[in-house]
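Visitor:
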Amino acid sequence: MTSNSFTGSTVLVTGATAGIGFEAARQLAQRGATVLVHGRTADDAQAAVDALVATAATVEAGQLCPVSADFTRLDEVEAMARRVIETHPHLDVLVNNAGMAAPERHTVTADGNEIAFQVNFLAHYLLTCLLEQALTSGPGGRVVNVSSSLHRTGSIQWSDPNRSRRYSRLAAYAQAQLALTVFAADPRVAAVSVHPGICDTALLPLYAHEGATPAEGAAHVVRLCDPAFEIVNGAYYDRDQRVDPAPAATENRSVQRLDKLAALLVGHTA
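Numbering-wise (my numbering), the sequence shown opens with residue 444 and increments by one.
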């Protein structure tokens, strides 16, 4: 994977300080992209940039731009989106990759949302809405949502998305992944979602004891970012195979309901 198919492209990767996000940033930069490397804090993002420059032979510091926002705070997501638009008014790809396992105990953010739903979905929903202008300012702009096969086990609790009545960490995680997968079918920006395979990352204990390397998972993400790779809005990939997602992810009604719910929960009217 050394072809420079991304030369001239600008890509923002969320959750790029470790795991699949870090490896995706590396592969994109090695193929010529300018990569906005997102971390939870400015220090985290800068450390990831420094590590990429130090360990990837063909990656230059000028190709990497650290950006930061703690996804448990939606005001930080808004501030980051504003900074991105100021510095990069045109964005070719947004990789919505940042994620966390839902905690054992029901946890609510300062914004009032269940934490896994906010970090894995609502923050990405808000970021995508705020960056819509940058993503659609030229042809071919796209969003790649890093989802999970566990979205198939999920259901969106429309009347209690925070799961304050009945909480289970696996159900909360699956709900967030299902929402992210449904969101790919939103008509505003061309988007796909991908299950990168079971990889040896911080989320591995949710699935199994061993998995593929983060670099292998990242390769499936990067392929979908390639401008030469044609995408169909709302498509879902299991690694490199396009397959049908959970039925809810292809229902127009679900897409519209989710947009209304998410807009309400993030306080955004777009």
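Where is the CB? At the ideal position from N, CA and C, for every residue including glycine.
Between residue 717 and residue 487, what straight-line distance do the alpha-carbon atoms span, to the nearest angstrom?
Guide: The structure shown has nothing for residue 717, since the chain only spans 444 to 713.
Visitor: If you follow the beta strand (DSSP E) that residue 665 is part of, which residue opens it and which one closes it?
Guide: Indexing the sequence shown from 1 puts residue 665 at position 222. From DSSP, residue 665 is part of no beta strand (DSSP E) but of the alpha helix (DSSP H) over 657-668.
Visitor: Given that a residue counts as buried once 16 or more other Cβ atoms are within 10 Å of its Cβ, and exposed if not, what is residue 713?
Guide: To locate residue 713, count along the sequence shown from 1; it is residue 270. The pLDDT assigned to residue 713 is 45, lower than 50, so where the model puts this residue is not dependable, and the model offers no usable value.
Visitor: Counting C-beta neighbours from all protein chains within 10 Å, is the total for residue 710 16 or more, i.e. buried, or is it exposed?
Guide: The count along the sequence shown starts at 1 and reaches residue 710 at position 267. Its Cβ having fewer than 16 others within 10 Å, residue 710 is exposed.
Visitor: Tell me the start and end of each unbroken alpha helix (DSSP H) in the region 543-629 that is at least 4 residues and wholly inside, in chain order.
Guide: 566-573, 575-578, 612-626
Visitor: So residue 567 and residue 693 are in contact, right, with Cβ under 8 Å, and what is the actual spacing, rounded?
Guide: By 1-based counting over the sequence shown, the position of residue 567 is 124. By 1-based counting over the sequence shown, the position of residue 693 is 250. At roughly 19 Å, the Cβ-Cβ gap does not stay under 8 Å, so residue 567 and residue 693 are not in contact.
Visitor: Rounded to a whole number of angstroms, what is the C-alpha to C-alpha distance between residue 527 and residue 495?
Guide: Walking along the sequence shown from the start, residue 527 turns up at place 84. Walking along the sequence shown from the start, residue 495 turns up at place 52. Each residue's Cα considered, the two are about 20 Å apart.
Visitor: Locate the alpha helix (DSSP H) running through residue 692, then write down its first and last residues.
Guide: The count along the sequence shown starts at 1 and reaches residue 692 at position 249. Looking at the DSSP string, residue 692 is not in any alpha helix (DSSP H), and its letter there is neither H nor E.
Visitor: Near residue 485, which residues of its chain fall below 8 Å by C-beta distance, leaving aside the five closest residues on each side in sequence?
Guide: Residue mapping note: residue 485 aligns to position 42 of the sequence shown, counting from 1. Exclusion of the five residues before and after residue 485 leaves 509, 511 as the residues of its chain whose Cβ lies within less than 8 Å of its Cβ.
Visitor: Taking the Cβ atom as the reference point for each residue, do residue 601 and residue 704 lie within a distance shorter than 8 Å?
Guide: Residue numbering aside, residue 601 sits at position 158 when the sequence shown is read from its first letter. Residue numbering aside, residue 704 sits at position 261 when the sequence shown is read from its first letter. For residue 601 and residue 704, yes; Cβs fall inside 8 Å.
Visitor: How would you write the range of the alpha helix (DSSP H) that residue 530 sits in, first residue to last?
Guide: Here the question's residue 530 lines up with position 87 in the sequence shown. Looking at the DSSP string, the run of the alpha helix (DSSP H) that includes residue 530 is 517-530.
Visitor: Leaving out five residues on either side along the sequence, give the residues of the same chain with a beta carbon under 6 Å from the beta carbon of residue 513.
Guide: Start at 1 with the first residue of the sequence shown, and residue 513 comes out as number 70. Within the same chain, residue 513 has close Cβ partners 483, 519.
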